[in-house]
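Here's the structure, in structure tokens; my notes come after.
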Amino acid sequence: MDEHSTQWGRVLGEKFFQRDTESLARALLGTVLVHETKEGTSAGRVVEVEMYRGVKDRAAHSHSGVPTARTQVMFGAPGHAYVYFIYGMHYCLNVVAAAEGVGEAILLRALEPLAGLELMTARRHLTWPLPTGSLRTLTNGPGKLAQALAIAKEQYGWSLWKPPLYFYTGTSPLLPEEIAEGPRVNVGYAGEAAQYPWRFWIRGNAFVSRP
DNA sequence: TGATCGATGCTCT
DNA sequence: GAGCATCGATCAA
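Position 189 (the first sequence) corresponds to 188 in numbering that gives the first Met the number 0; numbering is contiguous.
The structure is reproduced here in structure tokens:
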């Protein structure tokens, strides 16, 4: 254990994000997302993600290929936060992927809460302590994890390789067979793309949004 | 345990 | 004006 190593491994640098999108989506599983705020630090292990892929993906916000006010960061350099507002009340956090101009991103869909549990509970407007077995309700969905970690429009465009919002490597690398894949959630409008197996999760993990 | 539905406001056509 | 990368309540079984 050197001076940069912690209980959750090492901080992921900018270069980590510079790879093809599916590789990045799989590599993000098992990492630990941390958000430091003045209220305190909250963190969780990434257990479920979905990738969204530019013009070849009807489900992607970047599908038209033309950046808009909302999607411009998605077309920027990888490793930045793409945060969008949905259904009039929820935010979702994505990691921008692929090279500049391409328009791909990875949606973080579920975390395993690791630190700042009481803070996350308060942000989710739940009462502490949580009933036995309901820890998963803190962060088992994209809107829930954004709320629990205080991710909103303010975080739009933030770099994800340095405080206050960043990832640790995690402690034990996942084996390929520990990663399950299947169709993405709630993209039925996307035609053929709705069937693409672009949702990835840690097989058997209790903290995913759905088994 | 699962299906259905309302809330709520931004984005893009 | 229509639809949405969701959530939580409610109702049926």
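For every residue, glycine included, the Cβ atom is placed at its ideal position computed from N, Cα and C.
### Message
According to DSSP, is residue 2 part of a helix, a strand, or is it coil?
### Response
By 1-based counting over the first sequence, the position of residue 2 is 3. Residue 2 falls in the coil class under three-state DSSP.
### Query
Would residue 25 pass as a contact of residue 199 if the rule is Cβ separation under 8 Å?
Against the first sequence, residue 25 aligns to sequence position 26. Against the first sequence, residue 199 aligns to sequence position 200. Yes.
### Residue range of the alpha helix (DSSP H) that includes residue 117
Numbered from 1 along the first sequence, position 118 holds the residue referred to as residue 117. Where residue 117 is concerned, the enclosing alpha helix (DSSP H) stretches over 116 to 122.
### Message
Just to confirm before moving on: does the CB-CB distance between residue 166 and residue 77 stay below 8 Å?
### Response
Along the first sequence, read from residue 1 onward, the residue named residue 166 stands at position 167. Along the first sequence, read from residue 1 onward, the residue named residue 77 stands at position 78. Not a contact, by the Cβ cut-off of 8 Å.
### Query
DSSP puts residue 79 in a beta bridge; with which residues?
Counting from 1 along the first sequence, the entry for residue 79 is found at position 80. For residue 79, which the question treats as bridged, DSSP gives the partners 158.
### Burial state of residue 141, where buried means 16 or more other Cβ atoms lie within 10 Å
On the first sequence, residue 141 is found 142 positions in, with the first residue counted as 1. Burial call: buried.
### Query
Going by DSSP, which residues form a beta bridge with residue 196?
Position 197 of the first sequence, counted from the start, is the residue given in the question as residue 196. Beta-bridge pairing links residue 196 to no other residue.
### Query
Since residue 118 and residue 39 are thought to touch, with beta carbons under 8 Å apart, how far apart are those beta carbons, to the nearest angstrom?
Residue 118 sits at position 119 when you count from the first residue of the first sequence. Residue 39 sits at position 40 when you count from the first residue of the first sequence. Indeed they touch by this definition, with Cβ atoms about 5 Å apart.
### Query
Taking the C-alpha atoms as reference points, what is the distance between residue 12 and residue 161?
Position 13 of the first sequence, counted from the start, is the residue given in the question as residue 12. Position 162 of the first sequence, counted from the start, is the residue given in the question as residue 161. For residue 12 and residue 161, the distance between alpha carbons rounds to 8 Å.
### Query
DSSP beta-bridge partners for residue 96?
The count along the first sequence starts at 1 and reaches residue 96 at position 97. Answer by DSSP bridge pairing, in chain order: 103.
### Query
At what residues does the beta strand (DSSP E) containing residue 41 begin and finish?
Taking the first sequence and counting its residues from 1, the one referred to as residue 41 is at position 42. First-last of the beta strand (DSSP E) with residue 41: 39 to 52.
### Message
Considering only the alpha carbon of each residue, which of 46, 124, 164 lies closest to residue 37?
### Response
Taking the first residue of the first sequence as position 1, residue 37 is located at position 38. Selected option, being the one with the closest Cα: 164.
### Task
Below 8 Å on the Cβ atoms is my guess for residue 27 versus residue 48; work out the distance and round it to an integer in Å.
Sequence index remark: in the first sequence, residue 27 carries index 28 (1-based). Sequence index remark: in the first sequence, residue 48 carries index 49 (1-based). Residue 27 to residue 48, Cβ: 6 Å. Contact.
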